[in-house]
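Asks:
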Amino acid sequence: MSIVRNLLIILVTIFLLFNAYVYGSLLTYRAVAPHRTMFMLLRMHELAATHPDTQLNYQWVAYNRISPNLKKALIASEDARFAEHDGFDWNGIRTAIKKNEHQGRIKAGGSTISQQLAKNLFLSESRHYWRKAEEAVITSLLEATTNKDRIFTLYLNVIEWGYGVFGAEAASETIYGRTAMQLSAQQAAKLAARVPRPLYYVDHPHDQEIRRKANVILRRMGSAQLPDNDQ
Numbered sequence: 025m026s027i028v029r030n031l032l033i034i035l036v037t038i039f040l041l042f043n044a045y046v047y048g049s050l051l052t053y054r055a056v057a058p059h060r061t062m063f064m065l066l067r068m069h070e071l072a073a074t075h076p077d078t079q080l081n082y083q084w085v086a087y088n089r090i091s092p093n094l095k096k097a098l099i100a101s102e103d104a105r106f107a108e109h110d111g112f113d114w115n116g117i118r119t120a121i122k123k124n125e126h127q128g129r130i131k132a133g134g135s136t137i138s139q140q141l142a143k144n145l146f147l148s149e150s151r152h153y154w155r156k157a158e159e160a161v162i163t164s165l166l167e168a169t170t171n172k173d174r175i176f177t178l179y180l181n182v183i184e185w186g187y188g189v190f191g192a193e194a195a196s197e198t199i200y201g202r203t204a205m206q207l208s209a210q211q212a213a214k215l216a217a218r219v220p221r222p223l224y225y226v227d228h229p230h231d232q233e234i235r236r237k238a239n240v241i242l243r244r245m246g247s248a249q250l251p252d253n254d255q
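Residue numbering for the sequence shown is 25 to 255, as defined by this note's numbering.
In structure tokens, the structure reads:
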């Protein structure tokens, strides 16, 4: 019994220390750009074995230097209720749970922008339930410490768009040869369509699915609600 108790104490201590680190980091990220995210580190380690010539292309830009087109496209594509919810889209979560139960494994995530950011900043891509639980804790801390504008700014700057390509500025320059502020609505919709499977679409640039998804996103962009007055 003492072994079980000691193990439990160790696990609780690790949990508390990790989340203390997360909390401190989130307070810092309210004003300072992350140097790297956990997802970047893990992805670049993976690419070192499969694509050894890949270099990290991560360029931070201010929120007002990113086109409203891209902001609306990502809201329309990834999280239509981002400006309203507390970090969790409960309808989406219920739908994802039903899909996972039907398939017998965790596949659908129902993740909001806040949840995606929590994962990218601090966690791996593992789909275990414990990882989803920690993601929920971090998402709650993120929403409690950081306003929506800043959460969206962080998200826009750290999400993956290609091999070693992270953030709106790097993606815009790599794919379209222009800054993130210069993106047209069509270009923004195509970038947003890449987000769930960015490396796949790099390897399959002529896949018709991305065009279909981009057209759907374009139709939804007009009603996308941003977390500020940049409409």
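Just so you know, even glycine gets a beta-carbon here, dropped at the ideal spot from N, CA and C.
Thinking V46 and F146 are a contact (beta carbons under 8 Å), I'd like their distance in whole angstroms, please.
Replies: At roughly 6 Å, the Cβ-Cβ gap stays under 8 Å, so V46 and F146 are in contact.
Asks: Please state if the CB of F190 and the CB of E184 are separated by a distance shorter than 8 Å.
Replies: Yes, Cβ-Cβ distance for E184 and F190 is below 8 Å.
Asks: Can you give, in chain order, each stretch of the beta strand (DSSP E) that sits fully within the stretch 157 to 228 and has at least 3 residues?
Replies: DSSP runs (the beta strand (DSSP E)) wholly in the stretch 157 to 228: 184 to 186.
Asks: Since A217 and I234 should fall inside the 8 Å C-beta cutoff, what is the C-beta to C-beta distance between them, to a whole number of angstroms?
Replies: Contact flag correct, Cβ pair sits at about 5 Å.
Asks: Could you please give the first and the last residue of the uninterrupted alpha helix (DSSP H) stretch that includes A142?
Replies: Unbroken alpha helix (DSSP H) run through A142: I137 to F146.
Asks: Any chance the stretch 223 to 239 sits against the stretch 86 to 94, with 3 or more Cβ pairs inside 8 Å?
Replies: Not touching, per the Cβ criterion.
Asks: Report yes if the CB atom of R221 is closer than 8 Å to the CB atom of A100, and no otherwise.
Replies: No; because the gap between Cβ atoms is not below 8 Å, this pair is not in contact.
Asks: In whole angstroms, what separates the C-alpha of S208 from that of A157?
Replies: Those two C-alpha atoms are separated by around 38 Å.
Asks: Rank E197, G186, L250 and D227 by C-alpha distance to the C-alpha of M64 and give the top, closest one.
Replies: Checked all of E197, G186, L250 and D227; the closest Cα to M64 is G186.
Asks: Since I believe A212 is in contact with L94 (beta carbons under 8 Å), could you give me their beta-carbon distance rounded to a whole number of angstroms?
Replies: That belief holds up - the Cβ atoms of L94 and A212 are roughly 4 Å apart, short of 8 Å.
Asks: Over the uninterrupted alpha helix (DSSP H) stretch that includes T74, give me the two end residues.
Replies: Start and end: M62 to T74.
Asks: If contacts are defined as beta-carbon pairs under 8 Å, then V85 and A192 qualify, I think. What distance do you get, rounded to the angstrom?
Replies: Their Cβ separation, rounded to whole angstroms, is 7 Å, which keeps V85 and A192 in contact under 8 Å.
Asks: Less than 8 Å between the CB atoms is what I'm expecting for A107 and L250, so what's the real figure, rounded?
Replies: Their Cβ separation, rounded to whole angstroms, is 7 Å, which keeps A107 and L250 in contact under 8 Å.
Asks: Could you tell me which of G111, K172, A248 and Y224 sits nearest to R54, measuring between CA atoms?
Replies: The shortest C-alpha separation from R54 is found at K172.
Asks: Please return the same chain residues whose Cβ sits closer than 6 Å to the Cβ of Y179, not counting the five positions on each side in sequence.
Replies: These residues qualify, in order along the chain: I137 and L141.
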